[in-house]
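Below you'll find the structure, written out as structure tokens, and then a few comments.
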Amino acid sequence: MIAYALRFYDKLLAATWEHLQIVGFTLLIFLALAALLTVLCSYSKTLSRVLLNLFSMVYSVPSLALLALLIPITGLGRKTAVVALVIYNQYLLLRNFLTGLDGKELAKYILKYTHNNANISMEKGMLRMPSIRPISDLRNNANEISDFCRQTREPVFITRNGTGDMVVMNLEEYERQMATIELYGKLAIAEQQIADGAEGEDFPAVAKEMWGRVHGV
Numbered sequence: 040m041i042a043y044a045l046r047f048y049d050k051l052l053a054a055t056w057e058h059l060q061i062v063g064f065t066l067l068i069f070l071a072l073a074a075l076l077t078v079l080c081s082y083s084k085t086l087s088r089v090l091l092n093l094f095s096m097v098y099s100v101p102s103l104a105l106l107a108l109l110i111p112i113t114g115l116g117r118k119t120a121v122v123a124l125v126i127y128n129q130y131l132l133l134r135n136f137l138t139g140l141d142g143k144e145l146a147k148y149i150l151k152y153t154h155n156n157a158n159i160s161m162e163k164g165m166l167r168m169p170s171i172r173p174i175s176d177l178r179n180n181a182n183e184i185s186d187f188c189r190q191t192r193e194p195v196f197i198t199r200n201g202t203g204d205m206v207v208m209n210l211e212e213y214e215r216q217m218a219t220i221e222l223y224g225k226l227a228i229a230e231q232q233i234a235d236g237a238e239g240e241d242f243p244a245v246a247k248e249m250w251g252r253v254h255g256v
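Residue numbers (my numbering): 40 to 256.
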């Protein structure tokens with residue numbers, strides 16, 4: 040191998056330069072195309088789903104098989120390689136670009152949740168961030184997700200096609216949060232009643248009444 044490289048270094052350098060040209064040219068094309076498609080998809084959820092499904096089907100085709108399918112159309116050469124690379128990478132780029140746009144509401148919710156529940160904490164010098172997993176993990180690793188929610192008492196944010204879809208959390212934690220929300224609601228009603236001029240009751244009288252109810256007096 041070394042002897043071949045030393046003997047034909049000029050051909051190897053020429054082939055390497057040609058490869059870099061193809062990669063660079065392809066990179067510019069599929070970035071520009073992905074940006075254009077992202078803009079179009081931002082105006083139409085239907086178009087977004089259609090393109091993602093279409094490119095995901097193409098992405099599932101092995102690269103060599105895709106090249107074989109393109110050869111009768113584009114011929115054998117640089118053009119086929121560029122077209123194959125552009126098409127093959129559109130699914131990843133478009134999905135990630137759309138995730139960045141459509142994930143804003145999910146990000147807002149996560150930031151609000153972590154702020155209210157202090158789920159971002161320092162552990163061993165590292166930040167523990169919220170758990171975000173694709174919906175396929177919910178199907179394939181349901182027990183693992185259940186154990187995580189029970190042990191950490193933290194939710195798992197589930198995404199579908201790159202966008203926020205649902206939140207999975209432990210039942211006890213859910214009931215605790217619902218009770219907290221209900222309590223805040225009652226406090227808000229009480230504060231509004233006081234602001235409207237309602238008269239409250241003295242604490243000793245209330246405490247005596249509650250003690251009587253508990254002890255049946």
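Just so it is clear, CB atoms sit at the ideal spot from N, CA and C, and this is done for glycine as well.
Residue burial classification, residue i (beta-carbon count within 10 angstroms, cutoff 16)
i	result
isoleucine 197	buried
methionine 161	Low local confidence applies: a pLDDT of 43 at methionine 161 is under 50, so the model's placement there is unreliable, with the coordinate-based value given in what follows. Methionine 161 is exposed by the Cβ-count criterion.
valine 62	exposed
asparagine 128	buried
threonine 55	exposed
serine 87	buried
valine 245	exposed
glycine 203	buried
tyrosine 223	exposed
tyrosine 130	buried
alanine 73	buried
threonine 65	buried
threonine 119	buried
leucine 75	exposed
The alpha helix (DSSP H) enclosing residue i, as first and last residue numbers
i	result
glycine 251	242 to 254
aspartate 176	174 to 179
alanine 237	Element bounds for alanine 237: n/a, residue is neither H nor E.
serine 102	102 to 113
C-beta contact flag for residue i and residue j at 9 Å
i	j	result
leucine 90	leucine 52	no
arginine 192	asparagine 180	no
glutamate 212	proline 194	yes
valine 100	leucine 108	yes
leucine 124	phenylalanine 187	no
isoleucine 184	leucine 177	yes
leucine 103	valine 97	no
proline 173	arginine 189	no
Candidates the options: closest to residue i by CA position
i	options	result
valine 121	Met96, Glu57, Phe136 and Val78	Glu57
phenylalanine 136	Pro101, Val78 and Arg215	Val78
isoleucine 126	Gly116, Arg117, Ser95 and Pro111	Ser95
Residue i - containing beta strand (DSSP E), residue span
i	result
arginine 215	Arginine 215 -> not in any beta strand (DSSP E); alpha helix (DSSP H) instead, spanning 210 to 234.
arginine 88	Element bounds for arginine 88: not the beta strand (DSSP E) but the alpha helix (DSSP H), 84 to 98.
arginine 199	195 to 199
glycine 203	202 to 207
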